[in-house]
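Residue numbers (the numbering used here): 27 to 624.
Beta carbons are placed, not taken as given, at the ideal position from N, Cα and C, and that holds for glycine.
Remember, it's a predicted structure, so these values are computed and weren't measured experimentally.
This report concerns only the one structure given below.
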């Protein structure tokens with residue numbers, strides 16, 4: 027089995043690019059050390075390798091199906107959930123008083139990366155449960171936390187988020203699921219939810235659905251949406267699951283990837299009353315759910331990175347072992363074939379993969395470190411940190427989702443005919459990742475969020491903070507040997523991106539909202555490539571400082587970083603200009619295209 031994760035690169039990102047080893051200086055992490063983090067990561071690798079990677083293909087081939095009214099899954103999934111639970115990963119980032127380890131979020135994301143790379147469909151169950159528990163920890167009442175949070179943190183109950191409906195996928199303003207108040211303060215929930223991952227299974231004692239619904243009489247649109255806790259089984263006074271809450275599985279959706287994650291159509295109130303408890307105040311549902319959705323968006327980006335990374339490593343191993351052809355200068359038909367990694371075009375595809383996945387990993391972990399800074403960093407910087415995190419979130423979700431798909435396409439191409447077969451995992455990774463550009467909001471939705479809200483939020487302060495941080499790293503790299511190309515290319519991309527955004531914003535009053543947002547996708551692409559170029563400058567700067575003292579494999583690792591940074595500078599960052607020009611021109615082509623002309 028090919029390696030599914032580079033432990034060396036993860037160490038590099040956490041401890042050399044990010045100063046994760048310094049986090050124990052903060053009061054919340056005072057009992058920690060780098061040794062503690064390494065032990066946790068080693069445990070994650072062991073559990074992922076033994077209990078997740080072992081049924082990667084099984085979960086794909088034997089996808090969820092219903093037998094006698096119950097969803098059947100490969101038995102290895104239950105073993106994986108048991109191992110994950112026993113390792114303490116469901117609540118590892120929570121307070122010690124809740125049984126957690128108070129792990130930093132960046133370390134928790136690095137832990138999750140192991141499971142996403144090893145088997146992303148099985149990792150979906152704890153991923154959703156952790157997000158569900160985080161939302162309840164922030165917004166639920168003490169009574170609700172006492173009732174639901176402990177079993178979620180212990181991994182005995184699993185969680186979902188139930189937003190979309192058959193007629194309203196991303197258009198949440200149009201949901202029709204209703205909540206009728208009852209005399210005891212609970213609500214009767216009726217309606218249908220679609221595309222609910224983890225919505226039905228036998229992996230846990232109970233399933234806690236977080237459901238968006240509209241209280242009867244609430245205003246139309248998103249302002250009338252509230253959030254409700256709706257368990258699969260009603261919870262008795264002893265805290266144990268009891269009778270059915272009439273959340274009925276109406277069908278399973280069979281997707282091209284993520285096949286091991288049950289994806290469901292659920293009816294609420296079928297065959298009896300479904301009872302829910304409101305979270306917080308009426309009308310706050312969407313704002314509350316965005317707490318889970320924004321967290322999930324970073325998680326989706328990380329999942330995409332790890333799928334691309336696993337595909338890259340598989341194709342790299344294949345390219346080193348597969349022997350075929352000879353160098354163009356060797357005309358001797360009797361000469362031994364060379365390994366295909368010797369061919370320049372194969373190296374091009376491998377280097378392109380490396381630049382995408384290692385750049386994407388750096389971005390995902392950087393965003394995760396911002397979450398820690400937002401909650402445990404210096405008080406005076408938290409406002410700017412929050413705005414920067416808001417600005418980057420649509421990029422963190424979308425850029426890896428798209429470019430890991432290109433990575434996996436290259437991985438298949440490197441492996442030739444073998445890449446299309448089920449003898450190797452890259453075709454499975456390709457199908458799995460194709461869902462990520464849609465998960466938690468499509469690329470188009472992320473682009474609208476970025477340009478329509480995040481760029482202009484708080485007077486554009488988030489963009490200013492981003493430019494300040496990039497400028498600081500550019501200045502700090504001036505005298506470093508081996509980083510000139512990435513530094514120059516990034517400086518150019520920053521200037522082009524800044525000019526394009528400022529030019530478009532200056533035109534906004536005369537353009538109107540439709541034309542202003544018509545090329546939002548170019549803003550997402552432009553800023554995404556620029557930010558990943560920044561991530562490569564940060565990596566290259568570390569490599570340049572460490573290389574003079576490195577030897578052997580260590581030196582090769584740093585040379586690889588510098589070369590991948592150079593590749594991104596020469597082959598990828600020039601693409602920023604095309605998007606910048608299109609954005610600045612406020613090109614109306616797509617807006618003016620008429621439906622009848624297609």
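Suppose you measure from the CA of residue 629 to the CA of residue 360; what does that come to, to the nearest Å?
Nothing in the structure corresponds to residue 629, since the chain is present only between 27 and 624.
Kindly give me the distance between the Cβ atoms of residue 291 and residue 276, rounded to whole angstroms, as I take these residues to be in contact under 8 Å.
4 Å
Taking the alpha carbon of residue 168 as the reference point, which residue from 429, 466, 306 and 287 has its own alpha carbon closest?
306
Assigned exposure category for residue 371 - 16 Cβ within 10 Å defines buried:
Around the beta carbon of residue 371, fewer than 16 other beta carbons lie within 10 angstroms, which makes this residue exposed.
Using C-beta distances below 8 Å, list every residue in its chain close to residue 613, excluding the 5 sequence neighbours before and after it, in chain order.
Excluding residues within five positions, the ones whose Cβ falls inside 8 Å are 544 and 545.
Excluding the 5 residues flanking residue 542 on each side, which residues of the same chain have their C-beta closer than 6 Å to its C-beta?
Only 534 meet the Cβ criterion.
Give me, in chain order, the residues of the same chain whose beta-carbon lies closer than 6 Å to that of residue 323; leave out the 5 immediate sequence neighbours on both sides.
419, 423 and 466
Check residue 359 in the structure and name its three-state DSSP category.
In this structure, residue 359 counts as coil in the three-state DSSP scheme.
Leaving out five residues on either side along the sequence, give the residues of the same chain with a beta carbon under 8 Å from the beta carbon of residue 229.
99, 103, 104, 107, 151 and 184
Taking the alpha carbon of residue 399 as the reference point, which residue from 289, 118, 170 and 50 has its own alpha carbon closest?
50
Residues near residue 133 in its chain [Cβ-Cβ closer than 7 Å; skip 5 each side]:
46, 63 and 66
Using a 10 Å radius around the Cβ and a threshold of 16 neighbouring Cβ atoms, would you call residue 119 buried or exposed?
buried
Pairwise C-alpha distance: residue 380 and residue 556
17 Å
Through-space distance from residue 444 to residue 139, alpha-carbon basis:
26 Å
On the three-pair Cβ rule with 8 Å, is the segment 213-220 touching the segment 144-162?
no
Applying the criterion that 16 or more other CB atoms from any shown protein chain within 10 Å of the CB defines a buried residue, is residue 77 buried or exposed?
buried
Which residue spans inside the segment 94-124 form an unbroken beta strand (DSSP E) run of at least 3?
96-98
For residue 356, which option in 348, 235, 463 and 368 has the closest C-alpha, if you only look at C-alpha atoms?
Nearest Cα to residue 356 within the set 348, 235, 463 and 368: 368.
Can you give me the start and stop residues for the beta strand (DSSP E) that residue 542 sits inside?
Note, residue 542: premise wrong, no beta strand (DSSP E); alpha helix (DSSP H) at 539-542.
Please report the residue range of the beta strand (DSSP E) in which residue 221 lies.
213-223
Considering just the uninterrupted stretch of the alpha helix (DSSP H) at residue 417, what are its terminal residues?
408-441
When you compare only the Cα positions, how much space is there between residue 615 and residue 538?
Roughly 15 Å separates the two Cα atoms.
Is there contact here, the segment 283-298 with the segment 387-398, by at least three beta-carbon pairs under 8 Å?
no
Measure the C-alpha to C-alpha separation of residue 564 and residue 516 and round it to an integer number of angstroms.
So the alpha carbons of these two residues sit roughly 11 Å apart.
Segment limits, beta strand (DSSP E) that includes residue 311:
Note, residue 311: premise wrong, no beta strand (DSSP E); alpha helix (DSSP H) at 311-347.
Tell me the start and end of each unbroken beta strand (DSSP E) in the segment 247-286 that is at least 3 residues and wholly inside, in chain order.
Listed in chain order, they are 251-257, 259-261, 267-270 and 273-278.
How many Å lie between residue 312 and residue 267 at the Cα?
Note on geometry: alpha-carbon atoms of residue 312 and residue 267 lie some 28 Å from one another.
Bridge partners for residue 372 per DSSP, in chain order?
By DSSP's assignment, residue 372 forms no beta bridge with any residue.
What do you get for residue 87, buried or exposed, if any count of 16 or more other CB atoms within 10 angstroms of its CB means buried?
Answer is exposed; the Cβ neighbour count stays below 16.
Test item: CB-CB of residue 116 and residue 336 under 7 Å:
no
Expected contact under 8 Å - CB spacing of residue 75 and residue 144 to nearest Å:
7 Å
Considering just the uninterrupted stretch of the alpha helix (DSSP H) at residue 139, what are its terminal residues?
Note, residue 139: alpha helix (DSSP H), 131-144.
Give every residue of the same chain whose Cβ lies closer than 8 Å to the Cβ of residue 198, excluding the five residues on either side of it in the sequence, and list them in chain order.
189, 190, 238, 248, 251 and 312
Measure the C-alpha to C-alpha separation of residue 37 and residue 207 and round it to an integer number of angstroms.
Roughly 52 Å separates the two Cα atoms.
Against chain D, with Cβ distances strictly below 7 Å, would residue 443 count as a contact?
Protein chains in the displayed structure number just one, and chain D is not present.
Mind checking residue 203: buried by the 16 CB within 10 Å criterion, or exposed?
It counts as buried.
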